[in-house]
Amino acid sequence: MPRSPATRTVPPSIALLAVAGGQLVAAPRDAPERVRRKRPASANPYLRLLATPGARAFTAGNLIARLPMGMLSVSAVIMIAGSRGSYALAGAVTATGLAATAVVAPFTARLVDRCGQARIAVPATALAVLGSLALVLCVHHDAPAWTLFVAYAATATTPNTGGMSRARWAHLHRGDPAALHTANSFEQAADELCFMLGPVLAAVLCGALFPEAGTLVGAFLLMTGVLVFAAQRATEPPPTPRTHTAVSPLRTPGMPALLAVFLATGAVFGALEVVSIAHAGGAILALQAAGSCAAGLLYGSLRPARNVHRRLLLCLTAMTALMSLPLLATTSTASLPVLALCLLLAGAATAPTMVTGMTLVQRATPAGQLNEGMTLSVTALLGGVAAGAATGGWLVEHAGTVSGYAAPMAAAALALVVAAAGTSLRRPGVSSGSAR
């Protein structure tokens, strides 16, 4: 007897209709569980971070653009010193570029916040690349010394690619402190990696090919990386036109103290770099960067403490203690392997300190001014690097390299004191367990 339509079964091969994502779709009857089953999330926080739609594309472009940050200044010194026979001139030219960057970078970041990353970053990078190419031509054709200063100062329009990347993470993961902590740790590790590989790549290119090779390759990578980064419009934060009531991030509560901490932290880096180069050569600095990179990645995989201010104090305390190791090593022994180990350990506290400091800057800065706020912190850091390098150089010349290692330890202690004073002066309405 034939079955009625009401009791007739549906063959397994015939598709059923189901609703998914607000749309009517066909699903095989024999595998309904496969349709509904979700892929389990990765336990690795960095894999989860890079699984964010569009994240890998803008990260790749940003890393390409960030690598020249560790190349261009070293390439300029090698190129100018080799052509003119004067490290003093090469140092003065690069110092002028650093000073110009400190003045121009906040205005570039402000335009990025107002008009959008792609609209500002691409022409700003093009101007900086033209400045690098002009420097190459001036050196190659033996132009007057003043032209070197003008050409290198034009590179100050280079946008803060690291800040733009952090702003994208903050936009994509707003309201998720754990993801932002991992993102900041990833970005700091990327900074350390680029500043570790950049000088080596620059030295190899300038030595193996020709003196201008490092600058030319760095300019090409910078322009290429920014173009790839800017093309990822889906992850770009929306521009925030400045209103009459908007104030500079410098005026937000807690920001001046944070910038002072970044200034002192930059002095740690600048002094350590100069003293270590004078004592054992530049290659040993790669160990400090390697220790910082590894510590940054480990720090990002841990669950962050809720009180970020207290976390910053702990990181600065650890950095002050670890920065005493190179001084102890050089005063007690002349062994380079011992010093190398101490520099590796000393670097372990720098990335967590920078990650925590950047987290506080992000929380203190209004959402529509993130690029400007983070660029101000980078500018303070660069100013500290210049001051620390000058102080370390003076100590090396007048007291020796062993005594010079007291400079980074003292700068770290100063950063700790400034952070402690800033924490004690916080507004009474902010509790220790709040989002700050």
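Going by the numbering used here, the residue at position 363 of the sequence shown is 378; the numbering climbs one at a time, nothing skipped. Beta carbons are placed, not taken as given, at the ideal position from N, Cα and C, and that holds for glycine. These numbers were taken from a predicted model, which means no experiment stands behind them.
Within its own chain, the residues whose Cβ lies closer than 6 Å to the Cβ of Asn199, once the five positions on either side in sequence are excluded, are Val370, Met373, Thr374, listed in chain order.
Straight-line measurement puts the Cα of Pro159 at about 46 Å from the Cα of Ala310. Taking a C-beta distance under 7 Å as the contact criterion, Val400 and Ala279 do not qualify as a contact pair. Between the beta-carbon of Ala75 and that of Gln377 there is about 23 Å, and that puts the pair past the 8 Å contact cut.
A straight-line Cα-Cα distance of about 13 Å links Leu265 and Asn386. Every candidate beta strand (DSSP E) stretch fails here, since none sits fully inside the stretch 123 to 191 while reaching 3 residues. Counting only residues of its own chain and dropping the five nearest sequence neighbours on each side, Leu360 has a CB closer than 8 Å to the CB of Gly306, Leu337, Leu340.
For the options Ala139, Phe201, Val92, the alpha carbon positioned closest to that of Tyr61 is the one of Phe201. Inter-segment contact for the stretch 92 to 110 and the stretch 237 to 249 is absent: fewer than three beta-carbon pairs are separated by less than 8 Å. The residue among Met270, Leu328, Ala333, Leu208 with its C-alpha nearest the C-alpha of Ile79 is Leu208.
Residue burial is scored here from C-beta neighbours: Pro271 has fewer than 16 other C-beta atoms within 10 angstroms and is therefore classed as exposed. Note that the C-beta distance between Thr394 and Ala117 is below 7 Å. If you ignore the 5 residues before and after Ala234, its C-beta comes within less than 6 Å of the C-beta of Val144, Ser147, all in its own chain and listed in chain order. Here Gly213 is near Gly85, since their CB atoms are less than 7 Å apart. Of the other Cβ atoms in all chains shown, fewer than 16 fall within 10 Å of the Cβ of Thr346; this residue is therefore exposed.
In this structure the stretch 421 to 429 does not lie against the stretch 157 to 171, because fewer than three pairs of beta carbons, one per stretch, are closer than 8 Å.
Within the same chain, Val433 come within 7 Å of Ala275 by CB-CB distance, once the 5 residues on both sides are set aside. Between the beta-carbon of His188 and that of Ala194 there is about 4 Å, and that keeps the pair under the 8 Å contact cut.
In terms of Cβ geometry, Val119 and Ala72 do not form a close pair [threshold 7 Å]. Fewer than three beta-carbon pairs drawn from the stretch 323 to 336 and the stretch 346 to 355 are found closer than 8 Å, and the two stretches are therefore not classed as touching.
Ranking Glu227, Gly269, Ala133 by CA distance to the CA of Ser88 puts Glu227 first. DSSP places Leu317 in no alpha helix (DSSP H); its state is neither H nor E. Put simply, the backbone Cα of Thr390 is about 28 Å away from that of Ala103. Judged by DSSP secondary structure, Met334 falls within the alpha helix (DSSP H) whose first and last residues are 323 to 337. Taking a cut-off of 8 Å on C-beta distances, the stretch 314 to 326 does not touch the stretch 400 to 411, as fewer than three cross pairs fall below it. Residue environment analysis places Asp157 among the exposed positions, since fewer than 16 neighbouring C-beta atoms fall within 10 angstroms of its C-beta.
Excluding five sequence positions before and after Phe284, the CB atoms of its chain that fall closer than 6 Å to its own CB belong to Val400, given in chain order. Here the alpha carbons of Leu224 and Val323 stand approximately 48 Å from one another. With a threshold of 16 other beta carbon atoms within 10 Å, Phe122 falls short and is exposed.
The three-state reading of DSSP puts Gly69 in coil, since its state is none of H, G, I, E or B. Pairing Gly403 with Ala286 gives a Cβ-Cβ distance under 7 Å.
Non-local C-beta neighbours of Met211 in its own chain, meaning closer than 6 Å and more than five positions away in sequence, comprise Ala301, Ala304, ordered along the chain. C-alpha of Gly419 to C-alpha of Val290: approximately 6 Å in a straight line. Of the residues Leu82, Cys308, Gln384, Cys221, the one whose Cα lies closest to the Cα of Met238 is Leu82. Of the other Cβ atoms in all chains shown, 16 or more fall within 10 Å of the Cβ of Gly398; this residue is therefore buried.
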